[in-house]
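According to this note's numbering, the sequence shown holds residues -2 to 347 in order. Cβ atoms here follow ideal geometry from the backbone N, Cα and C, with glycine treated the same way. For reference, the structure discussed in these notes is given below.
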Amino acid sequence: MAQLEKPTGERPVTIKDVAREAGVSAMTVSNVLNGRGRVSDSTAERIRAVVERLGYRPSVVARRLRLSQQWTIGMLIVVEDPDFLSDPFITAQVTGLTNYLTANSYSLILRGIKPSDFRTTGLFQDIEADGMVAILSGEKVQRNWFVSELATLRVPFVLLQEHHVPENADCAIIRQDDEDGGRQIARHLLATGARKFWMLMPQAEWAAMRSRMEGVASVIREAGAPDLEVIRCGDESYDVTFDATLAALGQRPPPDAIIGGNDQMAIAAMKACIARGMRVPEDIQVSGFNAFDIWRYVDPVLTTVRSAAHALGERAASELIARLQEGKFSKTEIVLPIEFQPGRSTRSPV
-2 MAQLEKPTGE
8 RPVTIKDVAR
18 EAGVSAMTVS
28 NVLNGRGRVS
38 DSTAERIRAV
48 VERLGYRPSV
58 VARRLRLSQQ
68 WTIGMLIVVE
78 DPDFLSDPFI
88 TAQVTGLTNY
98 LTANSYSLIL
108 RGIKPSDFRT
118 TGLFQDIEAD
128 GMVAILSGEK
138 VQRNWFVSEL
148 ATLRVPFVLL
158 QEHHVPENAD
168 CAIIRQDDED
178 GGRQIARHLL
188 ATGARKFWML
198 MPQAEWAAMR
208 SRMEGVASVI
218 REAGAPDLEV
228 IRCGDESYDV
238 TFDATLAALG
248 QRPPPDAIIG
258 GNDQMAIAAM
268 KACIARGMRV
278 PEDIQVSGFN
288 AFDIWRYVDP
298 VLTTVRSAAH
308 ALGERAASEL
318 IARLQEGKFS
328 KTEIVLPIEF
338 QPGRSTRSPV
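Spelled out as structure tokens, the structure:
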């Protein structure tokens, strides 16, 4: 067989060049590159070797035209804070999603929307994508309205951290078991002798935050301890949470334990307690949620729950790609487990 020289500036290598060099049809080459059809291992290996040697790269434009696909996924993050990518939980989900899509030749369009802008027309309808992923904050009625608008795009979509699959929608929900994480934290703190609890929550709730709170509250009720007291902390930033915790400590007797809706809030509360002259965990215990890198950089090391945020993004991508290729989601509701991670900001069980 004559050896085909790789073109040098004259023209790009085509799929027909690869087929001719490998001694197969262009359809066989396409099947190997796209994981379709039945091709023997030896033939597939020969084709891949030719692709590598010739430097063949499929034309994304031609692929889209041929398959009537954009090979693009849209991601919508509904949050009031325009600096939403500074939130490690959101960033981890975006990273998991992007990595999986890139490995499967998809691109990502990312857009942030404020809940207060829900009623503004044209916020995301111009996104040309094969499927969508959404992370929502805001009141339940706002989120429901947003989901109904999302359904009008007539593409499959995945909702991250939601709890209810919309009726008659081409949709799946994927979340981690935040409620169980809250239960694990509460059981641990009760076992240390704590009975009075505060929980720090942002003003605009995320569904995940509410689930964490409900998990904590349910275990406290079962134990017959005083009701969980919620401290609202505005946009959940460090400064706002620090000030809200400091104000609460100055207005009423301190609790036995403070539970942050996430690690950032817990660390701000820990610093507020120390500023009031309280020792952690001797005088007051503090726990967080998510176990991203910052938990290990504080002293004492924070007790927290290890989140599945990165895996949430990966699973969203894999479910959307499966839906686009096979015509259905593997499941319409997927719940990922999370793991309690004790640190030194809480005491050992007695």
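- Taking every protein chain shown into account, the CB of GLY178 has 16 or more other CB atoms within 10 angstroms, so this residue is buried.
- Per DSSP, reduced to three states, the secondary structure at THR11 is coil, with no helix or strand assignment.
- Under DSSP, ASN141 takes part in no beta bridge, so it has no partner.
- Taking the C-beta atoms as reference points, LEU309 is found no nearer than 9 Å to GLN200.
- A contact between stretches requires three or more CB pairs, one per stretch, nearer than 8 Å, and the segment 232 to 241 fails this requirement with the segment 158 to 177.
- Collapsing the DSSP output to three states places GLN173 in a strand.
- When only Cα atoms are considered, THR329 and LEU51 end up about 43 Å apart.
- DSSP places LEU243 in the uninterrupted alpha helix (DSSP H) bounded by 235 to 248.
- Three or more beta-carbon pairs drawn from the segment 257 to 269 and the segment 289 to 307 are found closer than 8 Å, and the two stretches are therefore classed as touching.
- In summary, HIS185 is buried, with 16 or more beta-carbon neighbours lying within 10 Å of its beta-carbon over all protein chains present.
- Secondary structure note for ARG229: its beta strand (DSSP E) is the uninterrupted segment 226 to 229.
- Under the three-state reduction of DSSP, GLY20 is assigned to coil, being neither helix nor strand.
- A residue is called buried when at least 16 other Cβ atoms come within 10 angstroms of its Cβ; ASN165 does not meet this threshold and is exposed.
- Fully contained in the segment 65 to 136 are the following alpha helix (DSSP H) runs of length 4 or more, in chain order: 85 to 100.
- For ARG192, the three-state secondary structure derived from DSSP is coil.
- Under DSSP, VAL332 shares a beta bridge with ARG172.
- Secondary structure at VAL47: helix, using DSSP grouped into helix, strand and coil.
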